[in-house]
Amino acid sequence: MTDLSRNALKEAVMAPFWLDDPGRPEPLPCLCEKTTADLLIVGGGFTGLWAAVQAKEQTPSRDVVMIEANTVASGASGRPGAIVSTSVMHGLSNAKRIFPDDLQVLEQLGQENMRGFRAALERYEIDAHDEWNGELMAAISKADLPLLDAEFKLCREYGHDTSYLDGEQTRAEIASPCFQGAVWNRSLSGTLHPARLAWGLEKAALQLGVRIFENTPLKRIDHDSSGIRAVTPAGGIKAGKALLATNAFAAGHRKIRTRVANIRDRVIATQPLSGEQLDRIGWRNRQGVYDTRIQLNYMRLTRDNRIVFGGKIGYFMGRGTADPAMDSRPAVYESLVDAFFRTFPQLDDVKISHAWSGPIALTTRMAVHFQHYFDNKAIWVGGYSGFGVSASRFGARTALRLLDDMRTPELDLEFARSMPARIPPEPLRWLGAALTVYALDTAEEKGGWRHHWLALIKKMGFPL
Ligand SMILES: Cc1cc2nc3c(=O)[nH]c(=O)nc-3n(C[C@H](O)[C@H](O)[C@H](O)COP(=O)(O)OP(=O)(O)OC[C@H]3O[C@@H](n4cnc5c(N)ncnc54)[C@H](O)[C@@H]3O)c2cc1C
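Sequential numbering of the sequence shown, starting at 3, is according to this note's numbering.
Below you can see the structure in the form of structure tokens.
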């Protein structure tokens, strides 16, 4: 940890930048009575919100209730880097890893999803600060160039609008001395303000007639022949069906977490860069960027020209929806700020304005899956593994179709019928996660057993 990083963090607010916004809506009331609905949605993140909007669009007469333990977008959806991509399977190479036979169809579904996503922004007049300048995968060493070659080849094979940039061309785009080359994919991808998207969807859902209750955690859920019975602290819901959109918190059934690990990822945002500071790094095309570090870093600009920079994983055993106390300590973010200054050493006069962490539902699939409970009267949907800003619309849509027993062709594909592998329970899970976090933090510097451990984790199905 350098003094530069420690000083830069001194005045940072330990909360998500995206939620620190005057556009944040007033909280909605909690549920204080017993009520009924055709469809109950649990969780007010992107998955729950997209489900609410799409359920009403499909069947306007359907009575939809959403309950959220805290406030809309208080989970992952108010905290991401928010680099949006077309893929609904965590990128083309992950899709190839998990469903090689369905790649072409999954690509089409991704494009369809992104077109629907953008049409909804227009239809509901959501100003999500969206910018469609593509995403850049940047190699941080010459040894990583083969990764770029493979990515470029795959993108071209599937018709993406992609360019390969050598070191000089990459640094002409974004002046980081770390970048040795890049693949710039411009196919329906870019960046947005995630909380504004969530609040826009919340408004749309309310206008469509969805009843949303905040500060209403699901306590218990069960079923009988007529449907679902959900219990909340001061009320309850009898519903025909339930869509559990509780992400890494995996609430709604004790078995959900057998396949989903709740990990945390940390993020920082800088103060807005001045015009002169921005000139030092270029970045005129404002792409979303991922690098090839072992502990992957992602970065993007905001509308007011801050840099949002993320990528430092943590794990906390048995978490509810509250933030871990440890992640409100600036010291936790120092190594991430080190990585920021290594990437942009010319910005050594820039201060960090916000630092926060958020939950990631990690699975061996690294992409959405569906768990069926209570004779298919309830479905849990999630597991985007850090890649869900746009895929959540697809996840919600597919889950609604599964709940409604619709027979659309994509529901016959393996992604809709299969599950990711089981993950060892606690305390083994905690032990494995602790070793992995340590290896990710130190592998680049110290090497040795850490590389073997990370290779093993990859073999287990987590290509972190
Ligand atoms: C740090 C970070 C960076 C990321 N970066 C990107 C990125 O650049 N690009 C990308 O595509 N994706 C990214 N993601 C992933 C993306 O944010 C998520 O996949 C997406 O927001 C998931 O939405 P969700 O609705 O499924 O989950 P959430 O937004 O977490 O919503 C789940 C909701 O359920 C509620 N809940 C939980 N338990 C209960 C209960 N018992 N009763 C009622 N409500 C409950 C929670 O309070 C929460 O609001 C990132 C995630 C994180 C954390």
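The C-beta atom is built at its ideal place from N, Cα and C for all residues, glycine as well.
Closest residue to residue i among the options (Cα-Cα distance)
{"i": "S76", "options": "K155, S276, T323", "result": "T323"}
{"i": "G192", "options": "R305, A263, A207", "result": "R305"}
{"i": "V66", "options": "I43, I85, N72", "result": "I43"}
{"i": "W358", "options": "V269, R395, P196, D351", "result": "V269"}
{"i": "L442", "options": "G118, Q171, R295", "result": "R295"}
{"i": "I258", "options": "K144, Q60, V15, T365", "result": "T365"}
{"i": "A14", "options": "C157, N264, P31, A333", "result": "A333"}
{"i": "D293", "options": "A327, F181, G118", "result": "F181"}
{"i": "D103", "options": "K379, L415, G237", "result": "L415"}
{"i": "A253", "options": "L210, I176, E70", "result": "E70"}
{"i": "M421", "options": "Y386, L220, E428", "result": "Y386"}
{"i": "A250", "options": "G211, G45, K243", "result": "G45"}
{"i": "D226", "options": "N378, L156, L149", "result": "N378"}
{"i": "M328", "options": "M3, M16, D5", "result": "M16"}
{"i": "V383", "options": "L303, L105, V291, L51", "result": "L51"}
{"i": "A418", "options": "R231, L6, L405", "result": "L405"}
{"i": "E336", "options": "D22, P326, K353", "result": "K353"}
{"i": "E159", "options": "E109, F119, A177, K144", "result": "E109"}
{"i": "Q56", "options": "F343, L203, V391, T73", "result": "L203"}
{"i": "A380", "options": "F396, D132, G390, R403", "result": "R403"}
7 Å CB neighbourhood of residue i in its chain, flanking five on each side removed
{"i": "T88", "result": "G112, Q113, M116, S189, L190, S191"}
{"i": "L199", "result": "I128, A130"}
{"i": "R452", "result": "A441, T444, A445"}
{"i": "G25", "result": "R198, W201"}
{"i": "P411", "result": "none"}
Residues that DSSP places opposite residue i in a beta bridge
{"i": "D226", "result": "G229"}
{"i": "S165", "result": "W186"}
{"i": "S355", "result": "In the DSSP output, where bridge partners are listed per residue, S355 has none listed."}
{"i": "V383", "result": "F372"}
Residue i burial status per 10 Å Cβ neighbour count (16 or more: buried)
{"i": "H356", "result": "buried"}
{"i": "S63", "result": "exposed"}
{"i": "N9", "result": "exposed"}
{"i": "V233", "result": "exposed"}
{"i": "A197", "result": "buried"}
{"i": "R125", "result": "exposed"}
{"i": "R331", "result": "exposed"}
{"i": "S276", "result": "exposed"}
{"i": "H371", "result": "buried"}
{"i": "E216", "result": "buried"}
{"i": "A121", "result": "exposed"}
{"i": "P29", "result": "exposed"}
{"i": "T38", "result": "exposed"}
{"i": "P82", "result": "buried"}
{"i": "R424", "result": "exposed"}
{"i": "E175", "result": "buried"}
{"i": "K58", "result": "buried"}
Any non-hydrogen atom of ligand 3 closer than 7 Å to residue i Cβ
{"i": "N72", "result": "Of the ligands one can find in the structure shown, namely ligand 1, none is ligand 3."}
Cutoff 8 Å; reference residue i; Cβ partners in own chain excluding five residues on either side
{"i": "P465", "result": "N96, R99, M368"}
{"i": "I265", "result": "A250, I315, G316, Y317, P361, I362, L364, A435"}
Beta-carbon contacts of residue i that lie in its chain and below 6 Å, excluding the five residues immediately before and after
{"i": "A271", "result": "F19, R308, V310, S355, H356"}
Neighbour flag for residue i against chain D, beta carbons, 8 Å
{"i": "Y335", "result": "Included in the structure is just one protein chain, with no chain D present."}
> Where are the beta strand (DSSP E) runs, 3 residues long or more, that stay fully inside the stretch 299 to 335, in chain order?
Replying inline: Taking only runs of at least 3 residues, the beta strand (DSSP E) segments lying wholly in the stretch 299 to 335 are 300 to 303, 309 to 317.
- Query: Going along the chain, which unbroken runs of the beta strand (DSSP E) with 3 or more residues stay wholly within the stretch 75 to 162?
  - Reply: Runs found: 137 to 141.
Quick check for students: name the residue ranges of the beta strand (DSSP E) that lie wholly in the stretch 8 to 80, counting only runs of 3 or more. Whole beta strand (DSSP E) segments, 3+ residues: 36 to 44, 66 to 69.
May I have a chain-ordered list of the alpha helix (DSSP H) segments no shorter than 4 residues that lie completely inside the stretch 420 to 449?
-> Segments of the alpha helix (DSSP H) lying fully in the stretch 420 to 449: 430 to 448.
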